[in-house]
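Since the structure comes first, as structure tokens, the remarks are kept for the end.
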Amino acid sequence: MAFVRFLIPCFVFGTDIAFSCQNTDDLVGASSPGDIVIGGLFAVHNEMMHPEEHPIKPVIQNCAGFEIQIFLQTLAMIHAIEIINNSTLLPGVTLGYEIYDTCAEVTKAMASALRFLSKSNSSEDVVEFKCNYSDYIPRIKAVTGATYSEVSMAVSRLLALQLIPQVSPASSAEILSDKIRFPSFFRTIPSDFHQTKAMAHLICESGWNWIGVIATDDDNGRLAVESFGVQAMANNVCIAFKEMLPAYLSDNTFHTKVDHAVEKIVKETRVNVIVVFMRQFHVLKLFKKAIERNVNKIWIASDNWSSAVKISTIPNIRQLGTIVGFGFKSRDISAFEDFLRNLHKMSTDNNKFLREYIMLLSVCAHLEYYDFQACISNQSQDDLLQNVENKHQIWKDDFLSANIEPGFIHSTVLAVYTIAYAIKGLCKNRNCKDPSAFTPWELLEELKNVTVIYDDKEIRFDSNGDMSTSYDVFLWKEIDGHMKITTMAEYDPQKGNFIFEDEERKKAFLDLKKVQSTCSQHCTPGQMKKVTGSPHTCCYECVYCPENHYSNQTDMDYCYQCDNKTYWAPINSSTCYSKTILFLAWTDWFAIFLLLLSAFGVVLVLSISIIFTKNLSTPVVKASGGLTVCYIILFSHFLIFLSTTFFIDEPTEFKCKTRQALFGISFALCISCILIKSLKILLAFSFDPKLQNFLKCMYKPVPIVVTCTGIQVIICTFWLIFRTPFVKQNFSISRAIILECNEGSVLAFGIMLGYIAALAFICFIFAFKGRKLPENYNEAKFITFGMLIYFIAWIVFIPVYATTFGKYLPAVEIIVVLISNYGILCCMFLPKCYIIIYKQETNTKSAFLKMIYTYSSKSASSVAVSQISLDSKSSSSQATVSDSCKSQQNSVNGNGHFQVPGQTLRRGKALHKNAVRTMARKRLSSI
Numbered sequence: 002m003a004f005v006r007f008l009i010p011c012f013v014f015g016t017d018i019a020f021s022c023q024n025t026d027d028l029v030g031a032s033s034p035g036d037i038v039i040g041g042l043f044a045v046h047n048e049m050m051h052p053e054e055h056p057i058k059p060v061i062q063n064c065a066g067f068e069i070q071i072f073l074q075t076l077a078m079i080h081a082i083e084i085i086n087n088s089t090l091l092p093g094v095t096l097g098y099e100i101y102d103t104c105a106e107v108t109k110a111m112a113s114a115l116r117f118l119s120k121s122n123s124s125e126d127v128v129e130f131k132c133n134y135s136d137y138i139p140r141i142k143a144v145t146g147a148t149y150s151e152v153s154m155a156v157s158r159l160l161a162l163q164l165i166p167q168v169s170p171a172s173s174a175e176i177l178s179d180k181i182r183f184p185s186f187f188r189t190i191p192s193d194f195h196q197t198k199a200m201a202h203l204i205c206e207s208g209w210n211w212i213g214v215i216a217t218d219d220d221n222g223r224l225a226v227e228s229f230g231v232q233a234m235a236n237n238v239c240i241a242f243k244e245m246l247p248a249y250l251s252d253n254t255f256h257t258k259v260d261h262a263v264e265k266i267v268k269e270t271r272v273n274v275i276v277v278f279m280r281q282f283h284v285l286k287l288f289k290k291a292i293e294r295n296v297n298k299i300w301i302a303s304d305n306w307s308s309a310v311k312i313s314t315i316p317n318i319r320q321l322g323t324i325v326g327f328g329f330k331s332r333d334i335s336a337f338e339d340f341l342r343n344l345h346k347m348s349t350d351n352n353k354f355l356r357e358y359i360m361l362l363s364v365c366a367h368l369e370y371y372d373f374q375a376c377i378s379n380q381s382q383d384d385l386l387q388n389v390e391n392k393h394q395i396w397k398d399d400f401l402s403a404n405i406e407p408g409f410i411h412s413t414v415l416a417v418y419t420i421a422y423a424i425k426g427l428c429k430n431r432n433c434k435d436p437s438a439f440t441p442w443e444l445l446e447e448l449k450n451v452t453v454i455y456d457d458k459e460i461r462f463d464s465n466g467d468m469s470t471s472y473d474v475f476l477w478k479e480i481d482g483h484m485k486i487t488t489m490a491e492y493d494p495q496k497g498n499f500i501f502e503d504e505e506r507k508k509a510f511l512d513l514k515k516v517q518s519t520c521s522q523h524c525t526p527g528q529m530k531k532v533t534g535s536p537h538t539c540c541y542e543c544v545y546c547p548e549n550h551y552s553n554q555t556d557m558d559y560c561y562q563c564d565n566k567t568y569w570a571p572i573n574s575s576t577c578y579s580k581t582i583l584f585l586a587w588t589d590w591f592a593i594f595l596l597l598l599s600a601f602g603v604v605l606v607l608s609i610s611i612i613f614t615k616n617l618s619t620p621v622v623k624a625s626g627g628l629t630v631c632y633i634i635l636f637s638h639f640l641i642f643l644s645t646t647f648f649i650d651e652p653t654e655f656k657c658k659t660r661q662a663l664f665g666i667s668f669a670l671c672i673s674c675i676l677i678k679s680l681k682i683l684l685a686f687s688f689d690p691k692l693q694n695f696l697k698c699m700y701k702p703v704p705i706v707v708t709c710t711g712i713q714v715i716i717c718t719f720w721l722i723f724r725t726p727f728v729k730q731n732f733s734i735s736r737a738i739i740l741e742c743n744e745g746s747v748l749a750f751g752i753m754l755g756y757i758a759a760l761a762f763i764c765f766i767f768a769f770k771g772r773k774l775p776e777n778y779n780e781a782k783f784i785t786f787g788m789l790i791y792f793i794a795w796i797v798f799i800p801v802y803a804t805t806f807g808k809y810l811p812a813v814e815i816i817v818v819l820i821s822n823y824g825i826l827c828c829m830f831l832p833k834c835y836i837i838i839y840k841q842e843t844n845t846k847s848a849f850l851k852m853i854y855t856y857s858s859k860s861a862s863s864v865a866v867s868q869i870s871l872d873s874k875s876s877s878s879q880a881t882v883s884d885s886c887k888s889q890q891n892s893v894n895g896n897g898h899f900q901v902p903g904q905t906l907r908r909g910k911a912l913h914k915n916a917v918r919t920m921a922r923k924r925l926s927s928i
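Be aware that the sequence shown starts at 2, since it is given in our numbering, and climbs by one per residue.
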């Protein structure tokens with residue numbers, strides 16, 4: 002084996018000498034004459050040898066590392082030209098070609114480009130320096146290539162001197178779309194802008210946001226990383242690390258940096274997705290080292306190597322994990338496959354690439370495929386060709402077909418066709434067999450507007466010189482023990498979405514989400530991201546959304562705020578909930594209790610009304626003011642009980658306006674009638690002549706009731722007109738909306754209650770004056786108690802009402818209304834009902850006369866004693882009745898006559914028995 006390894010380098014050296022550059026024609030890798038010559042630039046070898054002698058001389062060196070895939074692209078160009086020459090596309094015109102090997106080096110490519118610029122039909126390759134190249138006819142009319150963007154950038158700048166059109170089938174750097182810097186550059190593939198956007202879209206769709214990037218340290222790699230970084234940021238994807246590997250394998254630091262990159266991948270355990278923008282031979286080195294370290298990740302391949310069969314056949318490639326790649330959309334290439342099957346018949350005289358391939362195939366054909374690339378790049382002869390008879394056996398017809406990358410083959414053929422169609426447009430009225438029939442810059446203008454009919458589809462360049470074709474999304478799958486490159490989906494750059502042919506492929510795409518590649522755990526709905534001290538936005542903590550905020554998606558940067566008026570949300574909520582509408586409903590247990598109390602009050606009022614109606618002629622009923630007054634008071638009590646129902650259930654405008662007005666007017670009517678009773682009692686039992694005359698003047702029942710009630714009506718009317726109550730939504734509770742009545746004007750509400758309180762206070766004073774009535778007839782005393790209950794209830798109501806909120810706020814007022822109403826009703830009528838029902842012996846005229854007689858006797862004696870005491874100090878005193886009140890002095894409420902004796906009582910004399918009896922009768926009649 003050692004001997005074999007010794008022979009291999011010797012063979013490679015002999016091969017290099019065979020292809021060494023002795024003159025400029027030696028630079029040409031493959032050529033064919035024609036009326037119009039098209040140049041080709043392809044990196045058939047992956048590196049250029051560097052001299053070891055010093056000093057270094059400006060000599061074009063030989064290349065090493067034969068690239069089967071790029072060699073196939075040169076064959077695709079040759080195949081396309083042959084088809085065109087054999088078709089009617091360019092009748093009478095033959096296309097020729099000159100294909101050069103760039104060896105993936107800008108220097109070698111520039112040497113070839115200089116030869117392109119040399120003057121046509123010149124005996125020597127001379128590039129004329131001119132100020133105006135409008136009429137200059139160079140060696141070639143257009144160029145197909147180059148393979149790598151870095152080379153295309155350099156070559157395009159040189160070709161732009163003469164505006165020679167350059168159509169690349171593989172250079173995808175975004176910068177090449179700049180027509181100011183690269184005016185003559187076209188390509189039959191999309192820009193890297195679309196590829197990096199598709200990658201970022203894939204990563205985002207799969208739920209990954211923490212990834213690594215590895216690229217070659219050249220213009221293409223740096224620009225791709227830059228473009229991807231922009232797209233990643235737009236999709237909230239963070240790049241955990243970026244590793245740039247030397248562009249040339251001959252770089253002394255290459256292996257060290259590959260080791261460092263693999264070490265970085267191993268160290269970053271949270272990074273499970275790696276995006277790779279590298280050339281195929283770089284990926285080979287990286288993957289071999291990654292396999293040694295047992296790295297298992299998801300690898301996202303750029304178009305450079307996404308369909309590279311030589312990488313998919315690396316031993317143990319399955320250990321690396323899942324490989325997903327983006328490649329250029331291809332069409333039917335069956336014609337090219339037929340061409341390859343007949344390739345062995347092709348002459349190698351003008352095709353050094355084919356001649357070299359045959360020599361290498363003879364050396365390495367006995368090896369398995371995954372050893373074939375190693376044989377070409379690192380080793381040499383292993384078994385020499387023994388005889389010509391074995392040539393067909395060694396050739397292996399399916400070998401090249403197995404290594405086809407359809408996207409690149411399609412784009413190469415399409416590049417040739419676009420040039421051919423542009424030539425067709427120029428040659429309509431020209432004799433294109435003459436090389437000077439048109440200049441390259443004219444062809445350039447034609448290319449800008451050319452429409453190619455290829456595979457029954459119209460294809461044209463956009464304003465940037467690009468073709469917006471779609472991408473195939475590849476998934477490397479192990480089938481029958483071998484890694485196969487399958488098409489998982491299609492990416493449409495225009496719509497920005499993935500297209501699946503069937504559910505199985507879609508499922509394979511969705512299965513990618515099973516792998517986690519995030520800096521932090523996903524924040525679930527109800528949480529938001531809180532950025533930590535990391536410079537990356539993808540590294541964060543998940544915190545709960547605060548109250549009244551929500552998040553309904555994963556990994557949200559912030560929580561949305563609920564509409565606090567109508568919605569609420571608890572902590573860690575993924576949605577907003579509608580607030581509960583609260584009010585004191587009919588079904589509420591407390592409302593039912595209050596309604597029962599009101600209903601009982603109504604029943605009580607009706608019962609009292611019936612009792613009083615049946616006992617209309619009894620002294621107790623007559624003493625109560627008669628049935629009319631009792632009915633008015635009882636009716637007002639009924640209305641007050643009825644008003645409480647307007648405080649219950651959902652508030653409406655009608656309820657809000659009605660409840661306070663009904664309560665206020667009803668209570669004012671009730672207190673007004675009680676005030677009349679207080680005045681009447683005080684008038685009946687008062688022995689003070691001056692007071693009695695004043696009371697007689699004031700006592701006008703109907704005007705007083707109408708006036709007192711009318712004032713309340715006026716207050717309520719102004720209130721309802723100018724500051725009417727209305728329905729209000731109270732948002733003070735976070736999870737509910739309280740529907741309540743806003744009184745409109747607190748001042749008007751206070752005036753209404755204050756007015757009732759003023760009437761009650763006046764009534765209380767008059768009743769208090771007459772509190773010392775006969776013990777068996779204590780109506781004034783009960784009026785006093787009723788007013789006290791009213792005052793206590795409403796004094797307590799004010800602070801409670803002011804500090805209470807919620808749906809039970811109306812219940813507070815209902816309770817106060819019921820307490821005050823029950824207090825007055827019970828104090829006014831229950832004692833009388835008790836006498837009517839249980840003390841019937843006292844509810845007679847004789848009993849009342851006796852009781853009044855006894856009280857009058859005591860009162861008269863007291864008055865006499867007081868009069869004697871007064872006469873000791875003054876001679877006499879006589880009470881007179883004012884003129885204005887004279888007309889009223891003989892009538893009290895129309896029920897009888899009552900007159901206080903006007904004569905002067907003499908000191909030391911008691912009242913006679915008959916006079917006392919007369920006074921008693923008059924008091925009874927007055928009451």
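The beta carbon of each residue, even a glycine, is placed where N, CA and C say it ideally should be.
Leaving out the 5 sequence neighbours to the left and right, which residues in its chain are closer than 8 Å to residue i when beta-carbon positions are compared?
| i | result |
| --- | --- |
| residue 163 | 118, 134, 137, 139, 441 and 442 |
| residue 260 | 290 |
Using the C-alpha atoms, what's the distance from residue j back to residue i?
| i | j | result |
| --- | --- | --- |
| residue 513 | residue 325 | 10 Å |
| residue 819 | residue 664 | 11 Å |
| residue 637 | residue 628 | 14 Å |
| residue 165 | residue 503 | 45 Å |
| residue 199 | residue 59 | 43 Å |
| residue 53 | residue 65 | 15 Å |
| residue 879 | residue 713 | Residue placement at residue 879 is flagged as unreliable, the pLDDT there being 37, under the threshold of 50; the coordinate-derived value follows with that caveat. The straight-line gap from Cα to Cα measures roughly 40 Å. |
| residue 876 | residue 633 | Low confidence applies here, because residue 876 scores a pLDDT of 39, under 50, leaving its location unreliable; read the following figure in that light. If I take the Cα positions, the gap works out to 48 Å. |
| residue 203 | residue 476 | 13 Å |
Please classify residue i as buried or exposed, where buried requires at least 16 other C-beta atoms within 10 Å of its C-beta.
| i | result |
| --- | --- |
| residue 233 | buried |
| residue 235 | exposed |
| residue 179 | exposed |
| residue 250 | buried |
| residue 80 | buried |
Between which residues of its own chain and residue i is the CB-CB distance below 6 Å, once the five residues before and five after are set aside?
| i | result |
| --- | --- |
| residue 523 | 555 and 556 |
| residue 331 | 407, 408 and 411 |
Does at least one heavy atom of the ligand NAD sit under 7 Å from the Cβ of residue i?
| i | result |
| --- | --- |
| residue 611 | Absence of the ligand NAD from the depicted structure is noted, as is the absence of any ligand whatsoever, leaving it without description. |
Take residue i and list the residues in its own chain whose beta-carbon comes closer than 7 Å to its own, dropping the five residues that flank it on each side.
| i | result |
| --- | --- |
| residue 194 | 175 and 228 |
| residue 904 | The pLDDT assigned to residue 904 is 36, lower than 50, so where the model puts this residue is not dependable; a value taken from the coordinates is nonetheless given after this. Result list for residue 904: empty, nothing under 7 Å. |
Practice prompt. May I have a chain-ordered list of the alpha helix (DSSP H) segments no shorter than 4 residues that lie completely inside the region 705-780?
Written response: 747-770
Fill in: Those runs of the alpha helix (DSSP H) which lie wholly inside the region 766-850 and span at least 4 residues
780-804 and 810-839
Worksheet item: At a cut of 8 Å, does the region 561-570 reach the region 578-591 through at least three beta carbon pairs?
Response: yes
Fill in: Ranges of the beta strand (DSSP E) found wholly within the region 549-592, counting only runs of at least 3
581-583
Item to complete: At 4 residues or longer, and completely inside the region 290-343: list those alpha helix (DSSP H) runs for me, N to C.
Response: Within the region 290-343, the complete alpha helix (DSSP H) runs of at least 4 residues are 310-313 and 335-342.
Discussion item. Between the region 140-152 and the region 450-459, can you find at least three pairs of beta-carbon atoms closer than 8 Å?
Written reply: no
Worksheet item: Is there contact here, the region 781-796 with the region 763-771, by at least three beta-carbon pairs under 8 Å?
Response: yes
Worksheet item: Taking three-plus beta-carbon pairs below 8 Å as touching, is the region 106-118 in contact with the region 33-52?
Response: yes
Discussion item. Taking 8 Å as the cut-off, does the region 203-210 touch the region 519-533 (at least 3 CB pairs, one atom from each stretch)?
Written reply: The region 519-533, when compared against the region 203-210, does touch it at the 8 Å Cβ threshold.
Worksheet entry | Length-filtered (4 minimum) alpha helix (DSSP H) runs lying within the region 456-517 | 504-511
Worksheet item: Can you find at least 3 beta carbon pairs, one from the region 272-287 and one from the region 173-191, that sit closer than 8 Å?
Response: no
Worksheet item: Hey, is the region 724-733 in contact with the region 651-670, meaning 3+ C-beta pairs nearer than 8 Å?
Response: yes
Worksheet item: Do the region 90-103 and the region 417-430 make contact, defined as three or more Cβ pairs closer than 8 Å?
Response: yes
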